[in-house]
Amino acid sequence: MSCIPTHGLSRGNVVYKAWQNIKDRCLNPRCGFYDRYGGRGIRVYEPWIHDPVAFVAYVDQHLGPRPSPRHSIDRVDNEGHYGPGNIRWASYETQNRNRHMTKYTGKLTDRDVACIRHWADAGVSQSDLAHVFGVDQSHVSRIKTRAYWPAAMGGV
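Encoded structure:
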């Protein structure tokens with residue numbers, strides 16, 4: 028019999044998965060999104076870092092169940108940390124409007140294109156995506172349908 032303590036949370040638990048992703052984005056420099064989170068100083072509330080049960084309990088008590096599959100954990104203040112009072116369930120559309128914007132340089136990165144495709148596939152409107160990324164809706168349409176943005180192309 029093992030004496031290793033477990034938290035009893037399933038990897039299929041949406042809130043547990045959110046906790047894992049939050050930690051990865053904020054604490055793991057090898058994470059593809061680290062530069063947008065941990066790399067710009069976004070932190071995780073200390074008691075939640077090693078205690079998924081505390082995070083899940085907070086979400087259960089203060090946020091309630093996930094409203095729909097189109098909702099995930101988001102920060103209310105996009106410049107703030109993941110902590111009590113600054114997380115909520117938010118739709119993809121709300122999260123896109125809350126997105127941290129860097130100065131638009133006139134070129135989309137491969138990561139921007141991947142995000143546009145991901146959010147478009149999730150049902151976010153082309154208008155919202157165009158606004159968030161600072162491009163025309165026609166660019167979003169061509170990126171979404173893969174009619175545009177071959178891998179060798181460096182920007183729009």
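Counting in the numbering used here, the sequence shown runs from 28 upward without gaps.
All C-beta atoms in this analysis are idealised placements derived from N, C-alpha and C, irrespective of residue type, glycine included.
Computed from a prediction, not measured in an experiment: that's the story for all the values here.
Let me know the secondary structure DSSP gives residue i once reduced to three states.
{"i": "V71", "result": "strand"}
{"i": "Y109", "result": "strand"}
{"i": "D101", "result": "strand"}
{"i": "S118", "result": "strand"}
{"i": "S152", "result": "coil"}
{"i": "D78", "result": "coil"}
{"i": "V162", "result": "coil"}
{"i": "C58", "result": "coil"}
{"i": "Y64", "result": "coil"}
{"i": "A174", "result": "coil"}
{"i": "N40", "result": "coil"}
{"i": "K50", "result": "helix"}
{"i": "R144", "result": "helix"}
{"i": "S93", "result": "Sequence inspection shows Arg at residue 93; the Ser mentioned does not correspond to that position. R93 falls in the coil class under three-state DSSP."}
Out of the options, which one is the CA nearest neighbour of residue i?
{"i": "D155", "options": "D104, S118, G110, K134", "result": "S118"}
{"i": "Y72", "options": "L36, Y64, A157, F82", "result": "F82"}
{"i": "V151", "options": "P74, R124, N105, R63", "result": "R124"}
{"i": "L135", "options": "C53, T121, L90, V162", "result": "V162"}
{"i": "E120", "options": "H145, P111, R52, Y61", "result": "H145"}
{"i": "G59", "options": "C142, R173, S95, Q122", "result": "C142"}
{"i": "N105", "options": "G91, V80, R63, D137", "result": "R63"}
{"i": "D148", "options": "S165, K171, D139", "result": "K171"}
{"i": "R97", "options": "R169, V41, H166, A174", "result": "V41"}
{"i": "D78", "options": "N113, R93, L36, S165", "result": "L36"}
{"i": "P74", "options": "S168, S165, R173, P111", "result": "P111"}
{"i": "R52", "options": "S95, I100, V167, L90", "result": "I100"}
Report back the beta-carbon spacing between residue i and residue j to the nearest angstrom; my notes put them in contact at under 8 angstroms.
{"i": "Y109", "j": "R102", "result": "6 angstroms"}
{"i": "I76", "j": "K50", "result": "7 angstroms"}
{"i": "L54", "j": "G65", "result": "6 angstroms"}
{"i": "F160", "j": "D139", "result": "6 angstroms"}
{"i": "A157", "j": "Q164", "result": "4 angstroms"}
Does the pairing of the stretch 38-48 with the stretch 77-96 give three or more beta-carbon distances under 8 angstroms?
-> yes
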